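First residue of the sequence shown: 1332, per the working numbering; consecutive thereafter. We treat Cβ as the ideally placed atom computed from N, Cα and C, and that holds for glycine. The model shown is predicted, which means the values in this text are computed figures rather than measured ones. One structure below.
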Amino acid sequence: MGPVLAGVLQLVALIAALALAYIPLGTYMARVYSSDRHWRVERWIYKGIGANPDTEMRWPAYLRGVLAFSVVSVLFLFLLQRIQGLLPGSLGFSSISPAQAFNTAASFVTNTNWQSYYGEQAMGHVVQTAGLAVQNFVSAAVGMAVAVALVRGFVRSRGGELGNFWSDLVRGVTRILLPGAAIAAVVLVACGVIQNFSGIHEVGQFMGGSQQWHGGGVASQEAIKEFGTNGGGYFNANSAHPLENPTPFTNLFEIFLLLVIPFSLTRTFGVMVGSVKQGYAILSTMATIWVGFVALMMWTEFAHHEGALQIAGGAMEGKEVRFGVGSSSIFAVSTTLTSTGAVDSFHSSFTGLGGGITMLGMMLGEIAPGGVGSGLYGMLIMAVIAVFIAGLMVGRTPEYLGKKIGTREIKLAACYILITPALVLVFTAASMALPTPPHSMLNSGAHGFSEVLYAFTSASNNNGSAFAGLNANTAWYNTMTGLAMLLGRFLPMVFVLGLAGSLAEQKPVPVTAGTLRTEKPLFTGLLVGAILIITGLTYFPALALGPLAEGLAA
1332 MGPVLAGVLQ
1342 LVALIAALAL
1352 AYIPLGTYMA
1362 RVYSSDRHWR
1372 VERWIYKGIG
1382 ANPDTEMRWP
1392 AYLRGVLAFS
1402 VVSVLFLFLL
1412 QRIQGLLPGS
1422 LGFSSISPAQ
1432 AFNTAASFVT
1442 NTNWQSYYGE
1452 QAMGHVVQTA
1462 GLAVQNFVSA
1472 AVGMAVAVAL
1482 VRGFVRSRGG
1492 ELGNFWSDLV
1502 RGVTRILLPG
1512 AAIAAVVLVA
1522 CGVIQNFSGI
1532 HEVGQFMGGS
1542 QQWHGGGVAS
1552 QEAIKEFGTN
1562 GGGYFNANSA
1572 HPLENPTPFT
1582 NLFEIFLLLV
1592 IPFSLTRTFG
1602 VMVGSVKQGY
1612 AILSTMATIW
1622 VGFVALMMWT
1632 EFAHHEGALQ
1642 IAGGAMEGKE
1652 VRFGVGSSSI
1662 FAVSTTLTST
1672 GAVDSFHSSF
1682 TGLGGGITML
1692 GMMLGEIAPG
1702 GVGSGLYGML
1712 IMAVIAVFIA
1722 GLMVGRTPEY
1732 LGKKIGTREI
1742 KLAACYILIT
1752 PALVLVFTAA
1762 SMALPTPPHS
1772 MLNSGAHGFS
1782 EVLYAFTSAS
1792 NNNGSAFAGL
1802 NANTAWYNTM
1812 TGLAMLLGRF
1822 LPMVFVLGLA
1832 GSLAEQKPVP
1842 VTAGTLRTEK
1852 PLFTGLLVGA
1862 ILIITGLTYF
1872 PALALGPLAE
1882 GLAA
């Protein structure tokens, strides 16, 4: 079997698995967030944190809950890293420096999971399990809660209430993420991923020296790392490490995990708004972009004219031989079109155009299918923009799901789509203009610029993957990427919840002959076009200086 055919067959198998999980998981999540009943363990949690899960919240109160919980999470994780040297199970590692502790705390709380440290050389068992793994669950649950709040904004009328943040947060963890991650962890352990708390030990002699590894709760963290679209690896090599991702099957299974909730949330959306066809329209948009990006990535990585690449069957530099070009391409596209950021190959080693595709996936806003929760609310924001454009073309007040898109709504949506590009471009420009930050670049020219552009694209979009080659463990990059992650996560949430509150205050308008049918393929095409045009107009100059220049010069 040739490598191209193998890659295509893996893609087909992945799509089939996602299709099988779509309806049951999506419908189940809709029931979770619509239920009036609380599990006993959930009541214990509510009592412990002093929250009333039955109190309805308007958007300012919902936002205060999101921000308060996240601030406490950042402080806790920062302090846990700062006292690591005093904790049992630290494996002899010292406490993390303030700048790096801030960066890591901001990273994991924002679901970014950017890592400027070597996992096996910096973090002990307590920080990994009680700190990082816990944030993998709750940060994902926060994103899902905000997405559900926006969906309720379309469903509810006149009152302005969006549900209860604490109830949505707890249910997301206890009823969706914990059970799913537990099942995934068992599968990973059965396939060879390690799960223990052993200390540091030598694994052999290499070129006159020894290599040291330590154990850890790798399978359990790997499961939620992918299932919650987190991406932070237990080891520095991330999902390219054989103890995290040992076989081609586990590689495909991990891709399935990072895609299954974001795609299935479109079903949740359709069920909650009372029209599964609306969910299918959003799903079709996401799937069109994802499949298109995978096909384009495979073409750029398999297309080769040099003798060495022909023998290897593709551009194999930076890719694991046990995965090959096809599987690595699927993983790279999936991890950058979601907010996962996990890697099984090194994106800096992709072809010039291939590296540009990974950046473009993040620049779209990670909405195809996007992160857990963030992908759905990002795509719904783009749907609001698309119906507004359609309204301008026909001279009619735009409507979406029975709600009018007026001045207030379009301003909030516009602020949402502008804030992340502003962060990416301003931070990148500052890093290139100041005298010290460019010293962190391993390469010069277009590729070196791509390293910096990729770093802030990843941080501001809460992705967390790295282009490699950039030394990000400096005071400048630890601080600036940390700020980019916090602003890129929570400023958009302000606009999302503000939009949800505005929609929830409206009375639904009846469907007429002039209403745009947003469940039809025509709207799907309009939405795909709007996404690509807006992204292209925003980022094309920066891409032209980096990956496009490199790719055209190759």
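Could you give the DSSP three-state label for I1748: helix, strand or coil? Helix at I1748.
I'd like to know whether the C-beta atoms of F1624 and L1668 end up nearer to each other than 8 Å. Yes, the pair counts as a contact, with Cβ atoms nearer than the cut-off.
Taking only the alpha-carbon atoms, compute the straight-line gap between S1529 and A1453 and give it to the nearest angstrom. Computed Cα separation, rounded: 15 Å.
Runs of alpha helix (DSSP H) lying entirely within the stretch 1382-1422, each at least 4 residues, in chain order: Counting only runs of 4 or more residues that sit fully inside the stretch 1382-1422, the alpha helix (DSSP H) segments are 1390-1413, in chain order.
Counterpart residues of E1740 in DSSP-defined beta bridges: Secondary-structure assignment with DSSP links E1740 through no beta bridge to anything.
I'd like the list of long-range same chain contacts for N1447, defined as Cβ closer than 8 Å, with 5 residues on each side in sequence excluded. Going by the sequence as given, residue 1447 is Ser instead of Asn. Q1431, N1434, T1435, A1803, N1804, Y1808, N1809, T1812.
Could you give the DSSP three-state label for Q1552: helix, strand or coil? The answer is helix: DSSP assigns Q1552 an H, G or I state.
Spatial distance of T1599 from G1657 (CA atoms): One Cα belongs to T1599, the other to G1657, and the distance between them is close to 31 Å.
Which residues in the same chain as T1631 place their Cβ atom closer than 6 Å to its Cβ, once the five residues preceding and following it in sequence are excluded? A distance below 6 Å between beta-carbons, with the five flanking residues on each side excluded, links T1631 to the following residues of its chain, in chain order: T1682, L1684, G1685.
If we require 4 or more residues per run, which alpha helix (DSSP H) segments fall completely within the stretch 1598-1686? Segments of the alpha helix (DSSP H) lying fully in the stretch 1598-1686: 1607-1633, 1638-1643, 1655-1668.
For L1574, which residues from the same chain have a beta carbon less than 8 Å from its beta carbon, with the 5 sequence-adjacent residues on both sides left out? Excluding residues within five positions, the ones whose Cβ falls inside 8 Å are V1524, I1525, W1544, V1549, Y1565, F1566.
Taking its Cβ as the centre, do 16 or more other Cβ atoms sit within 10 Å of L1723, making it buried, or is it exposed? Around the CB of L1723, fewer than 16 other CB atoms lie within 10 Å, so the residue is classed as exposed.
For F1584 versus V1518, is the C-beta distance shorter than 8 Å? Yes, the Cβ-Cβ distance between F1584 and V1518 is below 8 Å.
Would you call the stretch 1745-1764 and the stretch 1709-1719 touching, i.e. three or more CB-CB distances under 8 Å? With contact defined as three or more Cβ pairs closer than 8 Å, the stretch 1745-1764 and the stretch 1709-1719 are in contact.
Excluding sequence positions up to five away, which residues of its chain have a Cβ less than 7 Å from the Cβ of V1703? Taken in chain order, the residues that qualify are A1471, G1474, M1475, G1559, T1560, I1592, P1593.
If you drop the 5 nearest sequence neighbours on each side, which residues of the same chain put their C-beta closer than 7 Å to that of K1734? Excluding residues up to 5 positions away in sequence, F1485, L1834, Q1837, P1839 lie with their Cβ nearer than 7 Å to the Cβ of K1734 in the same chain.
Thinking C-beta only, is A1815 closer than 8 Å to F1758? Taking 8 Å as the Cβ cut-off, F1758 and A1815 qualify as a contacting pair.
Could you give the distance in angstroms between the alpha-carbon of L1756 and the alpha-carbon of R1371? Going from the Cα of L1756 to the Cα of R1371 covers about 48 Å.
C-beta atoms of M1628 and A1673 nearer than 8 Å: The answer is no: Cβ separation not under 8 Å.
Starting from the C-beta of L1853, find all residues in its chain whose C-beta is less than 6 Å away, skip the five residues before and the five after it, and write them out in chain order. Non-local beta-carbon contacts of L1853 in its own chain, meaning distances under 6 Å to residues more than five positions away in sequence, are absent.
Under 8 Å by Cβ, that's how I've got F1821 and L1398 pegged, so tell me the actual separation to the nearest angstrom. With a Cβ gap of about 7 Å, F1821 and L1398 count as contacting.
By how many angstroms is the C-alpha of R1368 removed from the C-alpha of E1782? C-alpha separation (whole angstroms): 49 Å.
Cβ pair count under 8 Å reaching 3, the stretch 1865-1885 against the stretch 1774-1794: In the pairwise beta carbon analysis, the stretch 1865-1885 is classified as touching the stretch 1774-1794: at least three pairs are separated by under 8 Å.
Please state the DSSP three-state secondary structure of K1838. Coil, per DSSP.
I need the DSSP call for I1531, collapsed to helix, strand or coil. Three-state DSSP puts I1531 in a strand.
Please state whether DSSP places A1801 in a helix, a strand or coil. Checking the sequence, you will find Leu at residue 1801 rather than Ala. Secondary structure of L1801 (DSSP, three-state): strand.
Classify A1347 as buried or exposed, calling it buried when 16 or more other Cβ atoms lie within 10 Å of its own Cβ. Exposed: under 16 other Cβ atoms inside 10 Å.
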